[in-house]
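Input: a single structure, listed below in structure tokens.
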Amino acid sequence: MFKVSCVQRGIPLKFVNLVACSISKSYSSLAQHSSKDPENRISEKWDVMSAVCIERNPIVSRELNEMETKVASLLERLELENSKKCNFELKYQKEKAEFDKLKKTSTQVEDEEATIPSQDFIDKNTAELNNLQAAPRTTEADKNKDVKSLDRCLDSRLLLVIKKKLGNKSLWHLPQDVNREDETLRQTAERIVKETFGDGLNVKLRGNAPAGYYQYKYKQAPEETDQPVGAKVFFYKAKYLNGGFEPKNFEDFQWATREELKTLLIPPYYKDVSLFLIDEESRNIDS
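Note that my numbering has the sequence shown beginning at 110, numbered continuously upward.
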């Protein structure tokens, strides 16, 4: 029917045979590919899970590297040279001009008149600034290498990971649990926070949609066909607000930096988790 229709429209028979042969091969290839897929693959059952990525944002800005220091110094100088004078600077200039004029026209100047009022304000604030001592960037937790403390690595993002038994092994991972039928994935994530860390830890979930995805198969094959063959994990990001917790439903925990995550998490898991994390900027940029 296809050939007859094409010939009636004036299409050369040689070209029609070529197209028909190509279509036939495509259908044959598709049929073979479909036949290779086992029927039980379609009916495989998976556990759907939510996991929570709780992150503490940096407390202080990180130290500038050599290149950034040069750029910051240049921008500061340009701003100083091109900026307009504020009201205080104009007032100071006016008072200084009047003082200089008074010194030239009068040989006797009283002590009260021998000072510039605005200069006293400048001297007072300069002395206060010189006496100001900034808090150290390195804390006691950094010195003691206390990885369970939030008071560490103040200029970095920290991620809360737990160590818990999954199957026959104890692995580091993000808190996770199976999604219940009456829950959305976000509600499962909220429940995970409460059940894992209690009411003392306050976090804020970022949005209703997952930020990442990871799947893995269980090592032990299910004995029955209706048993799940693996888990599909949907990650939700959460911001740490305040509070703390006592470990009870897991073996260990750590507030980990990006570099520490690489050594704690298994490579495939870390690869998928790192896709939705904000990269820490490199601190060693060649000048």
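Cβ coordinates follow ideal geometry from the N, Cα and C atoms, glycine included. Bear in mind that the values here come from a model prediction, so they are computed numbers and not experimental data.
Checklist line | Collapsed DSSP secondary structure at Glu153 in the structure displayed | finding: coil
Notebook entry, point to check: Is Arg289 buried or exposed, if buried means 16 or more other CB atoms sit within 10 Å of its CB?
Noted result: exposed
Item checked: Anticipated Cβ contact below 8 Å, Ser423 with Asp255, distance rounded -> Look at the range of the chain in this structure, 110 to 396, and you will see that residue 423 is not part of it.
Next item on the list: Look up Phe344 in the DSSP assignment and give the residues it is bridged to.
Entry: Answer by DSSP bridge pairing, in chain order: Ala160 and Gly321.
Margin query: Would Phe354 and Phe385 be called neighbours here (beta carbons separated by less than 8 Å)?
Written below: no
Check: If we count the other Cβ atoms within 10 Å of its Cβ and call it buried at 16 or more, is Lys348 buried or exposed?
Finding: Per the 10 Å Cβ criterion, exposed.
Next item on the list: Please report the residue range of the beta strand (DSSP E) in which Asn288 lies.
Entry: DSSP places Asn288 in no beta strand (DSSP E); its state is neither H nor E.
Note to self: Given a cut-off of 8 Å on the beta-carbon distance, is the pair Leu314 and Arg295 in contact?
What the structure shows: yes
Check: Looking at C-alpha atoms only, which residue of Leu199, Lys200, Glu198 and Ile225 is the closest neighbour of Leu211?
Finding: Ile225
Next item on the list: On the DSSP bridge assignment, give the partners of Val96 in chain order.
Entry: Past the edges of the chain, shown from 110 to 396, lies residue 96, and the structure says nothing about it.
Notebook entry, point to check: Opposite Ala244 in the DSSP bridges: which residues?
Noted result: Looking at the DSSP assignment, Ala244 forms no beta bridge with any residue, so it has no partner.
Check: According to the neighbour-count rule (16 or more other Cβ atoms, all chains shown, within 10 Å of its Cβ), is Cys195 buried or exposed?
Finding: Counting Cβ neighbours within 10 Å, Cys195 comes out exposed, since fewer than 16 surround it.
Notebook entry, point to check: By Cβ distance below 6 Å, which residues in the same chain neighbour Leu374 in space, the five residues on each side in sequence not counted?
Noted result: Trp281
Notebook entry, point to check: If you count every other CB in all the chains shown that lies within 10 Å of the CB of Ala160, and 16 or more means buried, which is it?
Noted result: buried
Next item on the list: For Leu373, name the three-state secondary structure that DSSP assigns.
Entry: helix
Margin query: Counting C-beta neighbours from all protein chains within 10 Å, is the total for Tyr323 16 or more, i.e. buried, or is it exposed?
Written below: buried
Checklist line | Three-pair Cβ contact test at 8 Å for the stretch 260-276 versus the stretch 350-365 | finding: yes
Checklist line | Classification of Phe197 by the beta-carbon crowding that lies within 10 angstroms, buried from 16 upward | finding: exposed
Note to self: DSSP three-state label for Phe359, please.
What the structure shows: It is coil, neither helix nor strand.
Margin query: Suppose you measure from the CA of Lys179 to the CA of Glu172; what does that come to, to the nearest Å?
Written below: 13 Å
Checklist line | Euclidean distance between Cα positions of Trp155 and Val302 | finding: 23 Å
Check: Alpha carbon to alpha carbon, how far is Leu310 from Leu267?
Finding: Answer to the nearest angstrom: the Cα atoms are 15 Å apart.
Next item on the list: Using three-state DSSP, classify Leu280 as helix, strand or coil.
Entry: strand
Check: Nearest-angstrom Cα distance between Arg300 and Gly339?
Finding: 21 Å
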